[in-house]
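Numbering (full-length UniProt numbering), first residue to last: 1 to 88.
Here the structure is laid out as structure tokens; the discussion comes afterwards.
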């Protein structure tokens, strides 16, 4: 008897989950929104990070340095190297 009750409860849960996704699908069609795939909320494309990084590098390569940046390079002071001190 308990096995039959468990079976019917599991079937009921399965039907409720299925009906929920079907209602979402019908609502998307009715409102004209793009169809949302179930279980796709947490997925991402790992290539997106690489594409973003490479595109920012590509954007910055072709630009010449401004005159103020070159003037700042001329204002660099050299440091006199010293021998490292011995730890105590």
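The C-beta atom is built at its ideal place from N, Cα and C for all residues, glycine as well.
Since the structure is predicted, the reported quantities are computational estimates derived from the model, not experimental observations.
At a Cβ-Cβ threshold of 8 Å, residue 14 and residue 25 do not count as neighbours. Membership of residue 33 in any alpha helix (DSSP H) is not indicated, and neither H nor E is assigned to it by DSSP. Between the alpha carbons of residue 33 and residue 27 lies a gap of roughly 8 Å.
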